[in-house]
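Novice: Quick one: the structure is below, and I'll ask about it shortly.
Residue numbers (this note's numbering): 3 to 192.
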C-alpha cells in the first residue's frame, strides 16, 4: 500500500496530513463512507501522490466483477486547460493525464476523435486533429499515462471543443458510458 511504501509511520503521516490518527486508521481499515474529501486530499498531499492513487483500492472494491478488467479515470489536463487561448490556425499539442483504474494493462488501445470539423465557405469551424486516431501507450493497471493529440485551431475567433474516446484495434468504443476527454479552447486574435 502507498502508506507502507512512503516509509512514514502512521503517526507521522497523520501529523503531516493534519488529521487525527483515528481518522487515518478509519481510512486504512476501509471505513471511507464518512471520509471527507479534505481528508483524502490531505493524505494524498502527505504521501505526495494524486488523490486518485489513494482512493483507487476502494474504487476497485466497489466495482462489480464484470467491470474489473478495464477502467479509466481522468487525472488532469497537462497542457491547454479549459478555455486556454490559442491563435487562429495555431497547431498545438493537447496532453491529458489518465489513470488505468482497471485490473489489466491497456494494450492496443487508441484515442479517437469523435467530432469532425465543418467547412463553411473558406473557413473550417472546429478543431482539426492532425491525426484522428492516436495510439495510447502501453499502460499497466493502476498507472498513469499521458496521451497527446495534435490539433489545429480554426481560422476565425471562437470557443471550440474537440471530444476524444478510447477505442480498441477494431474501432469499438472501450468505455462507451464514460465521458470523453476533450479539448476546450478560445481562439483569439490580439
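Heads up, the beta-carbon is just placed ideally off N, CA and C, and yes, glycines get one too.
Quantities reported herein were computed from a predicted structural model and do not represent experimental measurements.
So is residue 9 buried or exposed if we call it buried at 16+ other beta carbons inside 10 Å?
Specialist: By the 16-neighbour rule on beta-carbons within 10 angstroms, residue 9 is exposed.
Novice: Just the Cα atoms here: how many angstroms apart are residue 90 and residue 140?
Specialist: 34 Å
Novice: Going along the chain, which residues of its own chain have a beta-carbon closer than 6 Å to the beta-carbon of residue 186, five neighbours each way excluded?
Specialist: Here the set comprises 84, 163.
Novice: Can you pull the DSSP bridge partners for residue 188?
Specialist: 87, 161
Novice: Which of the three DSSP states is assigned to residue 18 in this structure?
Specialist: helix
Novice: Under a three-way DSSP split, which group does residue 66 fall into?
Specialist: Note that residue 66 scores a pLDDT of 42, beneath 50, so its modelled location is shaky and nothing firm can be said.
Novice: Which residues bound the alpha helix (DSSP H) around residue 29?
Specialist: Run containing residue 29: 23-30, per the alpha helix (DSSP H) assignment.
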